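J.: In full-length UniProt numbering, the protein residues as written are 1 to 900.
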Amino acid sequence: MPSLPKPGNLKDPDVVGLFSHDDPDKIFSDLREIGHGSFGAVYFARNVVTKEVVAIKKMSYHGKGSIDKWQDIIKEVKFLQHLKHRNTIEYKGCYIKEHTAWLVMEYCLGSASDIIEVHKKPLKEVEVSAICQDGLEGLTYLHSQGKIHRDVKAGNILLTENGTVKLADFGSASLICPANSFVGTPYWMAPEVILAMDEGQYDGKADVWSLGITCIEMAERKPPLFNMNAMSALYHIAQNDSPSLSGGDWSDEFRAFVDACLQKQPTDRPTATDLLSHPFVRKTRRSDVILELIKRTKLAVKQLDNLQYRRLNKLIMNGGGNEESLLEGSPSVSTGSQELVVPDDNSSQDDDNIDGKSDSIASQHSTAASSQSSVTSVGLASQSDEPISFARDHHASGGSPRGFDPAVANNFATIRTTSIVQKQIKQHERNNDYRNFTVYKRLRKAHQKELQTMESRFKAEMEDHKQKLDREYENLRQRFGRELEKLKVQHVGELDKQNKTSQAQERKFLRDANVNHDTERKSLVEQMKKNYKVDKEKMKKGLETGTPKKERDDTMKNFKETLTRQKRDAEFRLEKHQKDTLEFNLRAFKRRKLLQCHKLENRLQHEEIGQRRAQLEYEHTMLIRHHESTQDLEYKHLAALQKMKDEQLRRQHETERENQKDYNQCAEAELRKKHSMEVKQQPRSLRAKEIQIRKQFNEAVKTQQRQYKALKEHILQNTPKSEQKAVVKKLKEEQVRKLAALGDQYEASIAEMLQQQNVRLDETQMSDAQELKNRLQQELELLMAYQSKIKMHTEAQHQRERNVLEERVSLRRALLEQKMEEERLAFDKEEQEKRQQLQTRQTRELDTFDIDTTAAGLKSVEVAQASTEQSLDDEISIRGSTLSLSGSSSSNSFTSHTPL
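Written as structure tokens, this is what we have:
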């Protein structure tokens, strides 16, 4: 695996041209923090050259996980560079300074989430329709480019001054489609994204699901399951039915649109292009819907900021309080959503981005800048005594250069209140959910990397194993081929040797036959000479003495002529007999050699076929052994992978349970904190009520005193002077008694009020605690039930994988056996054909030889019989034929005696 380039190396070929080498501090001024998140902070800024208003997203790649952070920055910059659409955020450039990337984009007023937070109520249906229309236009563009946003929500749908809706925050986006990463914000994630690493891939329809959840968010202020722990929500989204609009006076078209977006199966879910023709989106849209919404929001922001200013000014005048008390007392502050952004596992925000950015230089700088900005604003307000407002109705959007007006260059337009920004920063600093979910995401990513590493290792091991077996099999075949070739060469040598031996024997046969014939002829001549002398002497003796000489000479002459003629006849008969015998014996010899050659060919062919059969059987044995070896390795790999998956699932479930327990503890701690604040605040309210009761008591006392004075005057006027003292004393005692009774009554009322308030507070807190406990226990039980279900599903999946492997192995074994059987049948057929061909050729050669024998005037049957007679060897056979000729060369065979 190639090593990744060093973070911040601008000479790397992959990043050449992506970043500017200029100093961003010299190009941009008037930086004000307008947002904060897991990546760092976003700032309002102004280009000192063009006076253009921009938004700067600072992302640090220093510290832990710097390589992954750098790759995430490169990915986001490359993604933004290719975006050219009206409904996507415009990219302005990117700068590098001190291990921090300054990603410059067009400036927008705020997000749809900010509008909901400002007004504390949902958007109108027509406003949701208008936002969805532009949002779908942006998604259609992204999907047509083969990209996926993967983090569509109200917080990432921005609005510009001219009423344009833009998709933003592409830190989680995917450059490829389909993808299989665990990416997004939990409550907005599609089911297929949650199950991506376990069950497959997903495409742009995941953004359609998120848009449906965003519609519910804009209609109900919060996405479904928002009051639930993020990890429990993931299980609910993946396992339960799709959510829908719960209540409200919404049209059927809106409900149908949300239901269409939230189809559980991606195949049933329409695309962004399809949704553009939905009746809800095609509603008649007034061009000023978004503009009116922005105007109304900016007015609300101005009022909230003015209210906050008055509170701040009052605290400053009183010489007490702090920023936090200000924020707590501001009506614009509420328990906002705690959104957890899950960056991309493979190509987007890394695990360490979430928990590492807060310690980065950019975050430290943003926090300091935020504090400084707050102090500066306070100072200016105390001097000028004018309301503080960051909303200006006449300021043009920084994202639209045509609307830029240098006359209002110092104005800062936004629909985000100061309290929203401050609360976002403080929530990010104190929120433990980010860290918990980061740990969970890091665990999931580590599990995926472990599986990918093991699968890659097993794949390489299997490839090496197969290559080793292929090499072994190929070497065996090559060795068998060489051995067979060597055997064929040896057989050719034996045939050549046999042929040469036959030729040598034939030459020797002819040579010996010629020698024997010469000897026979010489023996015949010698024999005839002897016979001639004997016959001559007999003839001379047989002639009478008185025979005339002339008659005797004529007789002898005739006798000599007769003997000469007999000699010629005997020689002729001998030569003819020798020639016939030689031809016969030679044909028999050649036929016998031909049969011997055929026998040798049959033996050699049998030997070659036997060796080839043995080689084929050995090859089949090796293939079976290779199959079993591969099978064992496959079972071993599958068992190891399943064991790792089980272990990872166990660790994942433990992490989820621990996270749920932490979530429960945090929720209980928050409730206890809330109850403690209620208890602390109770004496103040009780004192107010007590003061009110005391006031009523004082008024009652004053009333009685006036009544007493009037009664006293009346009695004194009508009572004699002597009795007035006793009457006055009696009236005085009556007044004291009534005042005492009235005091006891008011004291009892105060005590009763205090007791009722305490009891009511205790009952309310106990009810809240019990309700929270029940809810958290239910969430934990549901989480464990879902985990049990997933574990059963995983076991079933393991069994299916084993069954599939067994079927694949069985099929491969059956195909292997079928191939071996086909090779055996092909070999048997080839063997039969070769034997048949050899037999046919040999038969044809014998037939041709016999035809030639018959054409030579010999009887082929006698020659065939003679060629098959048993003899010691060819020489004995030749000698036997020669002896037969010698025996027939007597004088009786070739001469006859003429009596005298």
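Glycine is no exception: its CB is placed at the ideal position from the N, C-alpha and C atoms.
These figures come from a predicted structure and were not determined experimentally.
By the three-class DSSP mapping on this structure, what secondary structure does Phe458 have?
T.: Start at 1 with the first residue of the sequence shown, and residue 458 comes out as number 458. Correct three-state label for Phe458: helix.
J.: Classify Val42 as helix, strand or coil using the three-state DSSP reduction.
T.: The count along the sequence shown starts at 1 and reaches residue 42 at position 42. Three-state result, Val42: strand.
J.: Mind reading off the beta-carbon distance from Glu678 to Leu772? Whole number of angstroms is fine, and I expect it under 8 Å.
T.: As a first step, residue 678 is located in the sequence shown; it is residue number 678 there, counting from the start. As a first step, residue 772 is located in the sequence shown; it is residue number 772 there, counting from the start. About 14 Å separates the two Cβ atoms, so there is no contact after all.
J.: Sorted by chain position, which residues of the same chain lie with C-beta nearer than 6 Å to Lys680's C-beta, five sequence neighbours on each side aside?
T.: Position 680 of the sequence shown, counting from 1, holds the residue named residue 680. Cβ within range, chain order: n/a, list empty.
J.: Could you tell me the distance, in whole angstroms, from the CA atom of Gln467 to the CA atom of Lys789?
T.: The sequence position of residue 467 within the sequence shown is 467, counting from 1. The sequence position of residue 789 within the sequence shown is 789, counting from 1. Those two C-alpha atoms are separated by around 41 Å.
J.: Taking residue 916 as the reference, which of Gln263, Gly138, Ser66, Ala866 has the closest Cα?
T.: Since the first and last residues shown for the chain are 1 and 900, residue 916 lies out of range.
J.: Quick one: residues in its chain with C-beta nearer than 7 Å to the C-beta of Ile876, no 5 flanking neighbours on either side, listed in chain order?
T.: On the sequence shown, residue 876 is found 876 positions in, with the first residue counted as 1. Any reading at Ile876 needs caution, since the residue's pLDDT is 42, under 50, leaving its predicted position unreliable; the model's value is listed next. Result list for Ile876: empty, nothing under 7 Å.
J.: Do Val863 and Thr853 count as a contact pair if the criterion is CB distance below 8 Å?
T.: By 1-based counting over the sequence shown, the position of residue 853 is 853. By 1-based counting over the sequence shown, the position of residue 863 is 863. Yes. Within cutoff.
J.: Between the region 93–101 and the region 155–172, do three or more beta carbon pairs fall short of 8 Å?
T.: Contact fails: fewer than three Cβ-Cβ distances are below 8 Å.
J.: Spatial neighbours of Thr719 within its chain, please: C-beta separation below 6 Å, excluding the five flanking residues on both sides.
T.: Counted from its first residue, the sequence shown places residue 719 at position 719. The residues are Val727.
J.: Where Thr164 and Lys661 are concerned, what is the direct C-alpha to C-alpha distance, given to the nearest angstrom?
T.: Here residue 164 refers to the residue found at position 164 of the sequence shown. Here residue 661 refers to the residue found at position 661 of the sequence shown. C-alpha separation (whole angstroms): 43 Å.
J.: From Lys153, Glu779, Pro122, Lys120, pick the residue whose C-alpha is nearest to that of Leu136; which is it?
T.: As a working mapping, residue 136 is identified with position 136 in the sequence shown. Out of Lys153, Glu779, Pro122, Lys120, Lys153 has the C-alpha closest to the C-alpha of Leu136.
J.: Would you say Gln578 and Glu520 are within 8 Å of each other, going by their C-beta atoms?
T.: Indexing the sequence shown from 1 puts residue 578 at position 578. Indexing the sequence shown from 1 puts residue 520 at position 520. It is a contact, given that the beta carbons lie within the stated cut-off.
J.: Between the Cα of Phe827 and the Cα atoms of His793, Glu450, Ala614, which residue gives the shortest distance?
T.: Working through the sequence shown from its first residue, we reach residue 827 at position 827. Ranking the options by Cα distance to Phe827, first place goes to Ala614.
J.: In terms of alpha-carbon separation, which member of Asp768, Cys132, Tyr202, Gly110 lies closest to Gly146?
T.: Taking the sequence shown and counting its residues from 1, one reaches residue 146 at position 146. Gly146 has its Cα closest to that of Tyr202, out of Asp768, Cys132, Tyr202, Gly110.
J.: Output the distance between the C-alpha atoms of Glu253 and Arg282, rounded to the nearest integer angstrom.
T.: To locate residue 253, count along the sequence shown from 1; it is residue 253. To locate residue 282, count along the sequence shown from 1; it is residue 282. Cα to Cα, Glu253 sits roughly 10 Å from Arg282.
J.: At the level of alpha carbons, what is the spacing between Ile120 and Ala168?
T.: Taking the first residue of the sequence shown as position 1, residue 120 is located at position 120. Taking the first residue of the sequence shown as position 1, residue 168 is located at position 168. Note on residue identity: the sequence assigns Lys, not Ile, to residue 120. Cα to Cα, Lys120 sits roughly 23 Å from Ala168.
J.: Per DSSP, what kind of secondary structure is Cys108 in: helix, strand or coil?
T.: Your numbering for residue 108 matches position 108 in the sequence shown. If DSSP states are grouped into helix, strand and coil, Cys108 belongs with coil.
J.: Taking the DSSP output, what are the residues bridged to Trp209?
T.: Stepping through the sequence shown from its first residue, residue 209 is reached at position 209. Its beta-bridge partners do not exist; DSSP assigns none.
J.: Would you list the one or two residues that DSSP bridges to Ser20?
T.: As a working mapping, residue 20 is identified with position 20 in the sequence shown. Beta-bridge pairing links Ser20 to Tyr95.
J.: For the structure I just gave you, are there three or more beta carbon pairs, one from the region 792–799 and one from the region 245–261, closer than 8 Å?
T.: Contact between the region 792–799 and the region 245–261 is absent, because fewer than three Cβ pairs lie under 8 Å.
J.: So, at 6 Å on beta carbons, what are the nonlocal neighbours of Arg269 in its own chain, with the 5 sequence-adjacent residues on each side left out?
T.: Start at 1 with the first residue of the sequence shown, and residue 269 comes out as number 269. Counting only Cβ-Cβ distances below 6 Å, and skipping sequence neighbours, we find Lys205, Val208, Gln263.
J.: Which residues share a DSSP beta bridge with Glu33?
T.: On the sequence shown, position 33 is the one that residue 33 refers to. Answer is Tyr43.
J.: Measure the C-alpha to C-alpha separation of Ser523 and Asp569 and round it to an integer number of angstroms.
T.: In the sequence shown, residue 523 corresponds to position 523, counting from 1. In the sequence shown, residue 569 corresponds to position 569, counting from 1. In a straight line, the C-alpha of Ser523 is about 15 Å away from that of Asp569.
J.: Check the DSSP bridge columns for Lys166 and list the partner residues they point to.
T.: Within the sequence shown, numbered from 1, the residue matching residue 166 stands at position 166. DSSP lists Leu158 as partners of Lys166.
J.: Quick one: what's Ala58 bridged to in DSSP?
T.: Counted from its first residue, the sequence shown places residue 58 at position 58. A small fix is needed here, since residue 58 is Lys in this sequence, not Ala. Ala41, Trp102.
J.: Excluding the 5 residues flanking Asp151 on each side, which residues of the same chain have their C-beta closer than 7 Å to its C-beta?
T.: By one-based count along the sequence shown, residue 151 stands at place 151. Asp169, Ser172, Gly184, Thr185, Val341.
J.: What is the residue span of the alpha helix (DSSP H) that Pro191 lies within?
T.: Your numbering for residue 191 matches position 191 in the sequence shown. Counting along the chain, the alpha helix (DSSP H) containing Pro191 begins and ends at 191–194.
J.: Between the Cα of Asp288 and the Cα atoms of Lys834, Ile131, Gln735, Arg775, which residue gives the shortest distance?
T.: Translated into the one-based positions of the sequence shown, residue 288 becomes position 288. Nearest of Lys834, Ile131, Gln735, Arg775 to Asp288, Cα basis: Ile131.
J.: Who are the Cβ neighbours of Asp25 in its own chain at under 8 Å, not counting the five residues just before and after it?
T.: In the sequence shown, counting from the first residue as 1, residue 25 sits at position 25. So the qualifying residues of the chain are Lys97.
J.: When the Cβ atoms of the region 642–660 are set against those of the region 225–235, are three or more pairs found closer than 8 Å?
T.: The region 642–660, when compared against the region 225–235, does touch it at the 8 Å Cβ threshold.
J.: Following the continuous alpha helix (DSSP H) through Gly138, name the residue where it begins and the one where it ends.
T.: Along the sequence shown, one-based indexing puts residue 138 at 138. 125–144 is the span of the alpha helix (DSSP H), which, as asked, contains Gly138.
J.: Kindly list the residues whose CB is nearer than 8 Å to the CB of Phe19, restricted to its own chain and excluding five residues on each side of it in sequence; keep chain order.
T.: Here residue 19 corresponds to residue number 19 of the sequence shown, with the count starting at 1. Cβ within range, chain order: Leu10, Val77, Cys94, Tyr95, Ile96, Ala101.
J.: Count the other CB atoms, across all protein chains shown, that sit within 10 Å of the CB of Asn229; report buried if there are 16 or more and exposed otherwise.
T.: The residue labelled residue 229 in the question sits at position 229 within the sequence shown. By the 10 Å Cβ count, Asn229 comes out buried.
J.: Just list the residues that DSSP pairs Phe584 with in beta bridges.
T.: Position 584 of the sequence shown holds residue 584. Bridge partners of Phe584: none, in fact.
J.: Could you check what DSSP says for Thr185 in three-state terms: helix, strand or coil?
T.: What you label residue 185 is simply residue 185 of the sequence shown in a count that begins at 1. Of the three classes helix, strand and coil, the one that applies to Thr185 here is coil, per DSSP.
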